[in-house]
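Chemist: In the working numbering, the protein residues as written are 2 to 245. For each residue, glycine too, the CB sits at the ideal point set by N, CA and C. One structure is given below, represented as structure tokens, and several questions about it will come after.
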């Protein structure tokens with residue numbers, strides 16, 4: 002009992018209080034951290050820098066040129082800037098003229114031996130985008146398993162409220178696959194300034210199979226589905242096989 006009484010009589014130490022200077026320091030630190038995070042978010046999501054265009058090496062350029070030529074598109078193969086291009090001899094120029102005459106020579110139509118596969122890598126698609134001066138630093142495409150994603154930089158008009166003259170960042174994802182003997186095309190979502198757009202604002206088509214939903218008679222998706230044998234979207238590669 003005596004010990005309990007003595008403990009109660011012991012004077013308790015007063016709780017430590019923050020001084021005005023300490024409170025001011027904490028508030029200032031909080032403001033600085035918040036401002037820094039806000040500026041970083043604005044830099045990354047609202048006013049992003051330019052995307053770095055993809056540049057293919059000589060071998061990749063050659064492979065892309067062959068693919069485009071097989072699809073009926075002509076593309077000159079560009080060598081790296083540091084690699085000097087040898088001057089053409091008269092013999093090589095004669096061969097080029099001969100090849101050109103063969104290309105323009107009338108021939109009977111035939112599908113024998115023609116490939117029905119369309120195959121592009123992620124680097125090839127981004128390199129083709131980079132050749133377009135309007136899109137070179139505004140669009141970047143990514144390929145994963147059954148998913149194609151795109152990042153976009155959208156220049157805003159000078160008269161646009163709040164963001165006039167600025168560049169906004171957007172992103173979108175599309176599922177592209179082949180299941181149950183038909184293509185699958187689904188919009189996985191759209192983000193603006195890092196914020197996902199509500200499905201209602203997208204017309205309610207998020208995660209809806211567009212081929213199955215809108216593949217009625219004579220529709221675009223019906224015709225698209227009927228002409229596709231298979232679709233394979235893998236990490237860094239897209240392969241589409243067409244039907245006869």
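Going by the CB atoms, is the gap between residue 168 and residue 154 shorter than 7 Å?
Modeler: Yes.
Chemist: Report the option in 144, 122, 212 and 191 whose CA atom is closest to the CA atom of residue 171.
Modeler: The candidate whose alpha carbon is nearest that of residue 171 is 191.
Chemist: Once DSSP output is grouped into helix, strand and coil, what is the label at residue 116?
Modeler: If DSSP states are grouped into helix, strand and coil, residue 116 belongs with coil.
Chemist: Need the endpoints of the beta strand (DSSP E) that residue 203 sits in, please.
Modeler: Careful: residue 203 lies outside any beta strand (DSSP E) and carries neither H nor E.
Chemist: Where are the beta strand (DSSP E) runs, 3 residues long or more, that stay fully inside the region 141 to 187, in chain order?
Modeler: Segments of the beta strand (DSSP E) lying fully in the region 141 to 187: 148 to 156 and 168 to 180.
Chemist: In three-state terms, what does DSSP make of residue 220?
Modeler: Reduced to three states, the DSSP call for residue 220 is coil.
Chemist: From the DSSP output, in three-state form, read off residue 234 for me.
Modeler: Correct three-state label for residue 234: strand.
Chemist: Which partner residues of residue 126 appear in the DSSP bridge assignment?
Modeler: Residue 126 pairs with nothing; no bridge assigned.
Chemist: Under 8 Å by Cβ, that's how I've got residue 184 and residue 229 pegged, so tell me the actual separation to the nearest angstrom.
Modeler: Correct: roughly 5 Å between the Cβ atoms.
Chemist: Starting from the Cα of residue 181, find the closest Cα among 54, 174 and 227 and give me that residue.
Modeler: Measuring from the Cα of residue 181, the nearest candidate turns out to be 227.
Chemist: Rounded to whole angstroms, what is the Cα-Cα separation between residue 195 and residue 231?
Modeler: Approximately 33 Å, taken between the alpha carbons.
Chemist: Only counting the same chain, and skipping five residues up and downstream in sequence, which positions put a Cβ closer than 6 Å to that of residue 260?
Modeler: Outside the shown range of the chain, which is 2 to 245, sits residue 260, and nothing can be said about it.
Chemist: Please classify residue 158 as buried or exposed, where buried requires at least 16 other C-beta atoms within 10 Å of its C-beta.
Modeler: So residue 158 ends up on the exposed side.
Chemist: If contacts are defined as beta-carbon pairs under 8 Å, then residue 115 and residue 57 qualify, I think. What distance do you get, rounded to the angstrom?
Modeler: Between residue 57 and residue 115 the Cβ distance is about 26 Å, and since that is not below 8 Å, they are no contact.
Chemist: Can residue 200 and residue 187 be called in contact, C-beta distance under 7 Å?
Modeler: In this structure, residue 187 does not lie closer than 7 Å to residue 200 by Cβ.
Chemist: Got a sec: does the ligand NAP put a non-hydrogen atom nearer than 6 Å to the Cβ of residue 199?
Modeler: Annotation note on the ligand NAP: not contained in the displayed structure, which lists no ligands.
Chemist: Report the rounded CA-to-CA distance for residue 63 versus residue 216, giving the unit in angstroms.
Modeler: Cα to Cα, residue 63 sits roughly 38 Å from residue 216.
Chemist: Less than 7 Å separating the beta-carbons of residue 55 and residue 131?
Modeler: In this structure, residue 131 lies closer than 7 Å to residue 55 by Cβ.
Chemist: Can you tell me which of the three DSSP states residue 191 falls into?
Modeler: DSSP places residue 191 in strand when its eight states are reduced to three.
Chemist: What does residue 196 pair with, by DSSP beta-bridge criteria?
Modeler: Answer is 193, bridged to residue 196.
Chemist: Please return the same chain residues whose Cβ sits closer than 7 Å to the Cβ of residue 242, not counting the five positions on each side in sequence.
Modeler: Counting only Cβ-Cβ distances below 7 Å, and skipping sequence neighbours, we find 117, 118, 230 and 231.
Chemist: Along the chain, where does the alpha helix (DSSP H) that runs through residue 136 open and close?
Modeler: Neither: residue 136 is in no alpha helix (DSSP H) and is coded neither H nor E.
Chemist: By a C-beta neighbour count over all protein chains shown, 10 Å radius and 16 as the cutoff for buried, is residue 99 buried or exposed?
Modeler: Summary for residue 99: the model assigns pLDDT 48, below 50, so the residue's position carries little reliability; its value from the coordinates is reported in the next sentence. Residue 99 comes out exposed.
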